[in-house]
Amino acid sequence: MDTRQLLERYGLWDAKVPRYTSYPPANRFEPEIGQTYQKSWLDRVPDGAPVSLYVHIPFCKRLCWFCACRTQGTQTLRPVEDYLNDVLSEIDAVADRLPIRTPMARLHLGGGTPTLLSPRLMDRLLDAVFKRFPSADEFEFSVEIDPTEAADPLLDCLADWSMNRASIGVQDFAIDVQRAIGREQSFDQTRRVADRLREAGVSSLNLDLLYGLPYQSEGTLTDTLSQVERLNPDRLALYGYAHVPHMSKRQVMIESDLVPGPQTRLKLFELAKAHLTDAGYLHLGLDHFARPTDSLARAAAKRQMRRNFQGHTDDPCETLIGFGASAISRYRQGYAQNAVATAAYRGRVSATGFAAHKGYLMSSEEHALADLIEELMCYSNVDLEPLLKRHPHQKAHIMSRVAAAVAAFPGAVSHEGGTLHIPPFAQPLTRIIAAFIDGELPEPGRHSLAI
Numbered sequence: 000m001d002t003r004q005l006l007e008r009y010g011l012w013d014a015k016v017p018r019y020t021s022y023p024p025a026n027r028f029e030p031e032i033g034q035t036y037q038k039s040w041l042d043r044v045p046d047g048a049p050v051s052l053y054v055h056i057p058f059c060k061r062l063c064w065f066c067a068c069r070t071q072g073t074q075t076l077r078p079v080e081d082y083l084n085d086v087l088s089e090i091d092a093v094a095d096r097l098p099i100r101t102p103m104a105r106l107h108l109g110g111g112t113p114t115l116l117s118p119r120l121m122d123r124l125l126d127a128v129f130k131r132f133p134s135a136d137e138f139e140f141s142v143e144i145d146p147t148e149a150a151d152p153l154l155d156c157l158a159d160w161s162m163n164r165a166s167i168g169v170q171d172f173a174i175d176v177q178r179a180i181g182r183e184q185s186f187d188q189t190r191r192v193a194d195r196l197r198e199a200g201v202s203s204l205n206l207d208l209l210y211g212l213p214y215q216s217e218g219t220l221t222d223t224l225s226q227v228e229r230l231n232p233d234r235l236a237l238y239g240y241a242h243v244p245h246m247s248k249r250q251v252m253i254e255s256d257l258v259p260g261p262q263t264r265l266k267l268f269e270l271a272k273a274h275l276t277d278a279g280y281l282h283l284g285l286d287h288f289a290r291p292t293d294s295l296a297r298a299a300a301k302r303q304m305r306r307n308f309q310g311h312t313d314d315p316c317e318t319l320i321g322f323g324a325s326a327i328s329r330y331r332q333g334y335a336q337n338a339v340a341t342a343a344y345r346g347r348v349s350a351t352g353f354a355a356h357k358g359y360l361m362s363s364e365e366h367a368l369a370d371l372i373e374e375l376m377c378y379s380n381v382d383l384e385p386l387l388k389r390h391p392h393q394k395a396h397i398m399s400r401v402a403a404a405v406a407a408f409p410g411a412v413s414h415e416g417g418t419l420h421i422p423p424f425a426q427p428l429t430r431i432i433a434a435f436i437d438g439e440l441p442e443p444g445r446h447s448l449a450i
C-alpha cells in the first residue's frame with residue numbers, strides 16, 4: 000500500500016477533527032464553569048509565577064470573508080473606546096485577585112484588528128497592562144497586524160511600548176485569491192509595514208499564510224512563497240483554510256465549489272513545505288516554519304515548544320489569562336472563556352469586573368491526555384517515560400490509549416523503545432490520530448477538515 004492509499008485508508012480526505020489548540024477543545028466547554036471557578040483559579044496562581052496575557056480586540060473596518068474569528072465591523076472608534084473601557088476594568092479586577100505585581104512573560108494583542116486602535120487608545124490599553132503586570136526577565140510582546148490598517152504613528156507607538164514580535168496576516172498575494180476571500184492586500188503594502196517595523200526596532204517578524212483557498216494553485220502559491228521570501232520573516236504559520244460557513248456566516252460569500260478538495264490541499268501544503276525548507280526554514284509541529292535562530296526553533300530543539308490558541312508557541316507560562324470578549328484563559332485547573340458576544344461581555348464586566356461564562360474543569364486523566372496530545376502535535380513523537388512520571392496514576396489509561404492507536408493505525412503509528420511515533424509520511428494524519436487517542440469526539444460538523 001503506497002502513502003496516498005494509507006492516508007485515504009485512515010480518512011484524511013474526509014475526516015473532520017479538532018485542531019487541538021486546547022485539550023479538551025473549546026466546543027466542550029461547559030456553562031457551569033464560570034466566574035466562581037475563574038476567581039478561585041486566579042487566587043491560586045503561585046506568587047511570583049509569570050503569566051501570559053492575551054487581549055482580544057474584536058473589531059475590524061472590513062470583515063474578511065475567510066475569517067472565522069469572533070469579530071465585528073466598525074467604521075468609527077467610538078464602540079472600540081467603549082469596549083476598551085470594560086477591558087481596562089477587567090484587567091484591574093483580574094490583577095486584584097493575583098499576587099501583587101504578577102510578572103508577565105508574554106503579552107499578545109489579537110483580534111480582529113488591534114492595529115485599528117489610535118495611538119491614544121493603544122497608549123491607554125498598554126499603560127493599564129504594564130502598570131498591573133511588570134515585564135518578566137525574558138519578555139515577549141507580540142501584536143497581530145493588518146498592513147491595510149497599520150498607520151505609522153500606531154506602529155511607532157507599539158515599538159515605544161517594547162513590541163518585539165509582529166505577526167502580519169498575509170494569507171496569499173494572488174489578487175484573484177484575495178478577491179475571492181474578501182481581503183485585498185498588496186505586496187507593496189505588506190513590505191512597507193514590514194520595513195517600518197524593522198526600522199522601529201522590532202526584532203522578530205512572522206507571517207500568517209493560508210492554503211486551500213479559492214483559485215489557489217501550485218503556481219499561485221509558489222509565487223506567493225517567492226514574495227514571502229523577499230520579506231524574510233523569522234517565522235511563518237501555514238494554516239489550512241477552514242471552510243465552515245455553517246459556523247461563520249460571512250463565509251457564505253465564498254463559493255464552496257471553488258474551495259480546493261483535500262487531495263489538492265495536501266499537495267499545496269507539501270509544495271509550501273518543500274519551498275520553505277529549501278529556503279532554510281525548519282518545519283516545526285503541524286504547520287509552523289522558523290529560521291534556526293528564531294525562538295520557536297530554539298524551543299523546539301529543547302522540546303519546550305507548546306501548542307495553544309495562537310498555534311505553536313514557545314510560551315513557557317502555565318497560566319494564560321485572556322481579556323476581552325470570547326478570550327480564553329488557561330489555568331492549572333482548567334479553562335475559562337469570557338462571554339463571546341461583545342454586549343454580553345460588557346454586561347458581565349460592568350456587573351462584577353469578570354467576564355467568564357463557560358469553561359472546563361480538567362480531571363487528572365484529562366491532564367495526562369492533554370500532555371500526550373500536545374506533545375504528539377508538537378513533535379510527532381512522545382517519550383512515554385517522562386510523561387508517565389508526571390502522571391503516575393494514569394499509566395494504565397495512557398498505555399491503553401497508546402496500544403489502541405498502534406492497533407488502529409498500523410504503519411502510521413508505532414510504539415518502540417518507549418516512544419510513540421508518527422513517521423514523516425503519516426504526519427498529515429496527526430489530528431486524526433490525536434482525535435482517536437482523545438476518544439470522545441463531539442459531532443463532526445463542529446470541526447474542519449483534517450488537512
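Residue 450 is where the sequence shown ends in numbering that gives the first Met the number 0, and the numbering goes up by one at each step. Even glycine gets a Cβ: it sits at the ideal position worked out from N, Cα and C. The model shown is predicted, which means the values in this text are computed figures rather than measured ones.
- In this structure, the straight-line span from the alpha carbon of I56 to that of T341 is close to 10 Å.
- For S202, no beta strand (DSSP E) run applies, since DSSP gives it neither H nor E.
- Taking C-beta atoms as the reference points, P118 and P146 fail to come closer than 8 Å.
- Judged by their CB atoms, Y53 and A369 are not nearer to each other than the 8 Å cut-off.
- In terms of Cβ geometry, V405 and H392 do not form a close pair [threshold 8 Å].
- Spanning the alpha carbons of E148 and R389 requires a straight line of approximately 46 Å.
- When DSSP reads this structure, C59 sits in a beta bridge with G72.
- CA-to-CA, the gap between T101 and N205 works out to about 28 Å.
- Taking C-beta atoms under 8 Å as the contact rule, L360 and Q332 qualify, at a distance of about 6 Å.
- If you draw a straight line from the Cα of T429 to the Cα of L76, it comes to about 42 Å.
- The straight-line gap separating the alpha-carbon atoms of D46 and L387 is approximately 28 Å.
- By the neighbour-count criterion, in which 16 or more other beta carbons inside 10 Å mark a residue as buried, P261 falls on the buried side.
- The Cβ-Cβ distance between A135 and A165 does not fall below 8 Å.
- It is roughly 24 Å from the alpha-carbon of R131 to the alpha-carbon of T312.
- Between C68 and G110, the alpha-carbon positions lie close to 8 Å from each other.
- Pairing A350 with E89 gives a Cβ-Cβ distance that is not under 8 Å.
- Going by C-alpha positions, V192 is about 11 Å away from S185.
- The region 111-189 is shown to contain whole alpha helix (DSSP H) runs of 4 or more residues at 118-131, 151-159, 174-180, in chain order.
- DSSP places I320 in the strand class (E or B) of the three-state scheme.
- Going by C-alpha positions, I167 is about 44 Å away from A395.
- Sorting V50, D277, M246, E183 by C-alpha distance to the C-alpha of E228 places D277 at the top.
- Within the region 364-418, the complete alpha helix (DSSP H) segments of 4 residues or longer fall at 383-389, 394-407, listed in chain order.
- R100 carries a coil assignment under DSSP once its states are collapsed to helix, strand and coil.
- Within the same chain, L5, Y9, I421, P422, A425, L428, I432 come within 8 Å of A411 by CB-CB distance, once the 5 residues on both sides are set aside.
- Considering only L285, L157, Q71, A199, the residue with the shortest C-alpha distance to E374 is L285.
- The C-alpha of Q309 is placed about 15 Å away from the C-alpha of C66.
- In this structure, L212 places its C-beta atom within 8 Å of the C-beta atom of V176.
- Nearest neighbour of P98 by Cα position, chosen from D42, W12, A299, M162, turns out to be D42.
- For G218, the uninterrupted alpha helix (DSSP H) run begins and ends at 217-230, by DSSP.
- In the displayed model, S294 falls within a helix according to three-state DSSP.
- A straight-line Cα-Cα distance of about 46 Å links S202 and S399.
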